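Novice:
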Amino acid sequence: MSRYTPIYESSLADRNDFWLELARDIHWYQAPTSALDDSTPPFFKWFPDGTTNACFNALDLHVNEGRGEQNAIIYDSPVTDTKQQITYHELLEQVSKVAGMLAEKGVSAGDRVIIYMPMIPQAVVSMLACARIGAVHSVVFGGFAANELAVRIDDCTPKMIIAASCGLEPGRTVEYKPLLDKAIELAQHKPDSCIVLQRPQAAATMIEGRDFDWHDTFAAAPKADCAELPANHPLYILYTSGTTGMPKGVVRDTAGGIVSLKWTMKNIYGVEPGDVYWAASDVGWVVGHSYIVYAPLFHGNTTVLYEGKPVGTPDPGAFWRVISEHNVKSLFTAPTAFRAIKKEDPTGEYVKKYDLSGLETLFLAGERCDPDTLAWAQQHLGVPVIDHWWQTETGSSICANYAGIELLPIKPGSPTKPAPGYHLKVLDNDGNECQPGEIGALVAESPLPPGSFTTLWNAPERFESAYFETFPGHYETGDAGYIDEDGYVFVMARTDDVINVAGHRLSTGAMEEALSGHPDVAECAVMGAADELKGQLPVGLLVLNANTEKSDADICTEVIKRVREEIGPVAAFKNVVVVKRLPKTRSGKILRATMRSIADGTDYKMPATIDDPAILDEVTEALASLGYPRSQ
Ligand code: COA
Ligand code: AMP
């Protein structure tokens, strides 16, 4: 008899009892008396009358229960040659002081604070300090350019920005402070203050009256206690790519996040309090929020904060060193990291150099896990390799396998079965349910479980229209896929203009906006073409104005620079070519999917509505000049 099935079924059938029971596992100042307020769909509220605090659940609770001397964080930074261990007690001390520092600078519950920091302990401390006093943090990934930071500043209007002077990429120091200054200059909204952590690798120039040194301010700060907050108080805003250049500010509430994340640690990841858990991601992404910071701390684990890469810091054995040195029990990363390792060490020689006997499971997410990567990881690590399906919006997995309940048989290419609370369906364009094995839109019946997003910051109408309008009563995931006859879910592709580059979610629409901003570009299209290492890479096609004087090559170089400066290096936008015309339907819609098939070398049907089929030959030739299709 399956142990997973009754749990899953009761999460749908006895929703209130199921979640109220799980809610008992966290600390409340005032325990909720009901699970769900469904009076204003799709704005559902979980545990509406409870009060709690995420920082209390992450730190104070464990110190009070005797876990103070256990490591909360192991910071391992091959790029600075640093290793540091921080106990729960020490982390609580630091977080309480930073919370006091925020309060002294006028930040109070409900105010927004942007955190622009690399993978250093102060990033985690800042997030928890915000949570402690009820300030709403918004972490911005370091690989974004000043313009992207400016867009986020204007949208969430932070009272304060906390930044580091630099981040360290292999071979180069990324100075954050000039990017921050430029972003504040570009933004309409100006924060009252900035706290800047000076790292020894690059000194930030401070602006008198606005910028304050982290160390000085920290030293003088009083400690602040936890604020008792309503269950639905926003814990954070995390911006993610949508179909337009304007990112979506995903809002996560406090209690839903604590209840759901805490449950996943034992039941999905199979770890016990005290175990070392490592999510090799970045605090700037949702995986970092949920599984570097909050979930492991809610569960009393030791979390590894790794400032490095899977390869090149210094070699493809980096992950294995960290696992063996810190006795990691469960690793979570993106398939692209494994592809990078496999490329440099195809026969797994580096794996053999380390004792990985403590590792029990590997979890992969962030993009489709190709069966080759899954097989390579299984063969060389000798542990179950679990693909699970995730979105920034959901905050934890929509589909997973359940190491702490029952490991269901693995089907390569499938992230297995729905997590509690997700009533998944596959619908066709008319909203009818597809047959098993038939591809359609993957949707989840409302309400989504606790921990999933409650709205989009400043954009409740967009929350409704982007996610709940196409299929009324259902959340549209934006992914297409199918469910097989055994109930296994397969996630195949996005249905919108979002692409996935090295596990990073990016908008082709935003890149097109950057390209069309070039004065010589009349029209453009960006699509995601398959890439052996990064999963997908953006490819741009440009149509130029008739009277341009510059060469095609110069314009291509300039637009590459534009994307890097406006979106950031993380977009990895390097492939662009000039064409005379773009293929379109008669109604003027650019045929991106057809061009993607040409780039990938996959079959496509000649679109019936194409205005001139000969254009596809021109596009094929142009893509061939960039080396497409590339052999996979
Ligand atoms: N700050 C500043 N720049 C950053 C950055 C950061 N935090 N992270 C990445 N960049 C830059 C890189 O330096 C690179 O710049 P370049 O064009 O000058 O070389 C560019 O953004 C692309 O970076 P990246 O995607 O990391 O590509 P890469 O070729 O350097 O490395 C991988 C490839 C596969 C090793 C890497 O993408 C990786 O580790 N991926 C795992 C992704 C992940 O954890 N995703 C989270 C979801 S679970
Ligand atoms: P993000 O919001 O950055 O986490 O990206 C979410 C998107 O990444 C999803 O909508 C999917 O397109 C993709 N994704 C994440 N995990 C998986 C997975 N396990 N299998 C297939 N696609 C995935």
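For the sequence shown, the numbering used here assigns the number 2 to the initial residue and increments by one for each residue that follows.
The beta-carbon is built from N, C-alpha and C at its ideal position, and this holds for glycine as well.
Keep in mind that this is a model prediction, so the values were computed, not measured.
1. Considering Glu514, what are the terminal residues of the alpha helix (DSSP H) in which it resides?
2. Can you tell me whether DSSP reads Pro71 as helix, strand or coil?
3. Which residue's Cα is closest to the Cα of His389: Tyr117, Lys418, Ala338 and Glu486?
4. Hey, could you find the ends of the beta strand (DSSP E) Pro539 is sitting in?
5. Hey, is Glu176 close to the ligand AMP, as in C-beta under 7 Å from one of its heavy atoms?
6. Assess, as a yes-or-no matter, whether the segment 600–612 is touched by the segment 183–193 under the definition of 3 or more beta carbon pairs within less than 8 Å.
7. Among all the DSSP beta bridges, which residues are the ones paired with Leu180?
8. Starting from the Cα of Ser40, find the closest Cα among Ser447, Cys56 and Asp373 and give me that residue.
9. Please confirm whether any heavy atom of the ligand COA lies closer than 7 Å to the CB of Val288.
10. Could you have a look at Ser139 and say whether DSSP puts it in helix, strand or coil?
11. Do you know how far the Cα of Leu37 is from the Cα of Ile75?
12. Are at least three pairs of beta-carbons, each pair with one atom in the segment 252–266 and one in the segment 450–459, less than 8 Å apart?
13. What residues match up with Arg4 in a beta bridge as DSSP calls it?
14. Give the straight-line distance between the Cα atoms of Ala572 and Ser325, rounded to the nearest whole angstrom.
15. Contact between the segment 260–275 and the segment 396–406: three or more CB pairs below 8 Å?
16. What number of angstroms, rounded off, separates the C-alpha of Trp391 from the C-alpha of Pro171?
17. Just the C-alpha distance for Thr621 and Ile599, rounded to the nearest angstrom, thanks.
18. Helix, strand or coil for Ile238? Go by DSSP, reduced to three states.
19. With DSSP as the reference, identify every bridge partner of Lys46, one or two as the case may be.
20. So if DSSP puts Pro231 in a beta bridge, which residue, or which two residues, is it bridged to?
21. Hey, Val125 and Val294: beta-carbon distance below 8 Å or not?
22. Can you tell me the Cα-Cα spacing of Val272 and Gly359, whole angstroms?
23. Does the Cβ-Cβ distance between Val564 and Met512 come in under 8 Å?
24. Tell me the rounded alpha-carbon separation between Leu363 and Ala73.
25. Express the C-alpha separation of Ala24 and Asp18 in angstroms, rounding to a whole number.
26. Alpha carbon to alpha carbon, how far is Ser194 from Glu462?
27. Going by the C-beta, is Glu533 closer than 7 Å to any heavy atom of the ligand AMP?
28. Under three-state DSSP, which class holds Arg200?
29. Among Tyr307, Ala296, Val99 and Arg631, which has the Cα closest to the Cα of Asp217?
30. Does the separation of the CB atoms of Trp321 and Tyr351 fall below 8 Å?
31. Tell me whether Tyr9 sits in a helix, a strand or coil according to DSSP, three-state version.
32. Shorter than 7 Å, the distance from the beta carbon of Glu170 to the closest heavy atom of the ligand COA, or not?
33. The beta strand (DSSP E) that contains Lys84, what's its start and end?
34. Is His505 near the ligand COA, judged by its Cβ being under 7 Å from some heavy atom?
35. Quick one: is the Cβ of Val444 within less than 7 Å of any heavy atom of the ligand COA?
36. Which value, in whole angstroms, describes the spacing of the CA atoms of Trp215 and Leu507?
Specialist: Once the coordinates are examined:
1. Thr509 to Ser517
2. Just to set this straight, residue 71 is Gln in the shown sequence, not Pro. Coil at Gln71, not helix or strand.
3. Lys418
4. Gly536 to Leu545
5. no
6. no
7. Bridge partners of Leu180: none, in fact.
8. Ser447
9. yes
10. strand
11. 37 Å
12. yes
13. DSSP output for Arg4 lists no bridge partner at all.
14. 33 Å
15. yes
16. 28 Å
17. 6 Å
18. strand
19. Asp38
20. Thr52
21. yes
22. 12 Å
23. yes
24. 21 Å
25. 10 Å
26. 31 Å
27. no
28. strand
29. Val99
30. yes
31. helix
32. yes
33. Thr83 to Thr88
34. yes
35. no
36. 32 Å
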